[in-house]
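A.B. asks: Here it is, the structure in full.
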Amino acid sequence: MLVQDQITDQNALTYFARRGVAPQWRVFLRAMMETLESHLDHGAREGLLRMVGARMASLMPLPACGTLDELESRMNDTLAIADWGYVQISLDVNNRTVMLRHVAAPMVGTHADLTGSWVGSVLEGLYGSWLGNQPGAEPGIHVRRVGPDGGAMLLRYARG
556 MLVQDQITDQ NALTYFARRG VAPQWRVFLR AMMETLESHL DHGAREGLLR MVGARMASLM
616 PLPACGTLDE LESRMNDTLA IADWGYVQIS LDVNNRTVML RHVAAPMVGT HADLTGSWVG
676 SVLEGLYGSW LGNQPGAEPG IHVRRVGPDG GAMLLRYARG
């Protein structure tokens, strides 16, 4: 893929992620996030947003899944209902890690976070709860952002 194609793809993903937030919620979300930014330190804000994601998971529970393919499909069905983009799951056997690539999360920027990357903390809580509630899940394993991946958010589910 050419660099120009990557830029176009990233711009398209960003466009669709911003477009995915209904106009009546865009101002509210920006005001809420800017209020949180001005009243909570970074760690407290991240923790609160993870709790919001975990609460979302409890409101949109997933059934027990037998394979990663089934889990990805169930997650994507649920994300589609909420218009929250989609996820691609891969397994890194050597590092005992499940990688999640979330595409087109609804993003609303703030004065301190123009890209709306705060949604990554919500995704950490959402995926952490969904994965933690699957059969055989071990306690103490968390989902954490690795960083942006083009126009997507890359997260990892692993110990430590």
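Terminal number for the sequence shown in the numbering used here: 715, no gaps in between. From the three backbone atoms N, C-alpha and C, an ideal C-beta is built for every residue, glycine too. Remember, it's a predicted structure, so these values are computed and weren't measured experimentally.
Quick check on Met587: buried or exposed, where buried means 16 or more other Cβ atoms within 10 Å of its Cβ?
C.D. replies: Counting from one through the sequence shown, the residue named residue 587 turns up at place 32. So Met587 ends up on the exposed side.
A.B. asks: Per DSSP, what kind of secondary structure is Gln579 in: helix, strand or coil?
C.D. replies: To locate residue 579, count along the sequence shown from 1; it is residue 24. Three-state result, Gln579: helix.
A.B. asks: Starting from the N-terminal side, write out each stretch of the beta strand (DSSP E) that is 3 residues or longer and does not extend beyond the segment 683-715.
C.D. replies: 696-704 and 707-714
A.B. asks: Which residues in the same chain have their Cβ closer than 7 Å to the Cβ of Trp673, if we skip the five residues on either side of it in sequence?
C.D. replies: As a first step, residue 673 must be located in the sequence shown, where it is residue number 118. Contacts found: Met588 and Leu604.
A.B. asks: Skipping 5 residues on each side, what residues in its chain have a beta carbon closer than 8 Å to that of Pro694?
C.D. replies: Within the sequence shown, numbered from 1, the residue matching residue 694 stands at position 139. Answer for Pro694: Gly687, listed in chain order.
A.B. asks: DSSP on Asp647, reduced to helix/strand/coil?
C.D. replies: Stepping through the sequence shown from its first residue, residue 647 is reached at position 92. Here Asp647 sits in strand by DSSP.
A.B. asks: Using the C-alpha atoms, what's the distance from Val607 back to Gly680?
C.D. replies: Along the sequence shown, read from residue 1 onward, the residue named residue 680 stands at position 125. Along the sequence shown, read from residue 1 onward, the residue named residue 607 stands at position 52. For Gly680 and Val607, the distance between alpha carbons rounds to 7 Å.
A.B. asks: DSSP three-state call for Ser654: helix, strand or coil?
C.D. replies: Within the sequence shown, numbered from 1, the residue matching residue 654 stands at position 99. What sits at residue 654 in the sequence shown is Met, not Ser. Correct three-state label for Met654: strand.
A.B. asks: With DSSP run on the structure shown, which of helix, strand or coil describes Val677?
C.D. replies: As a first step, residue 677 is located in the sequence shown; it is residue number 122 there, counting from the start. Reduced to three states, the DSSP call for Val677 is helix.
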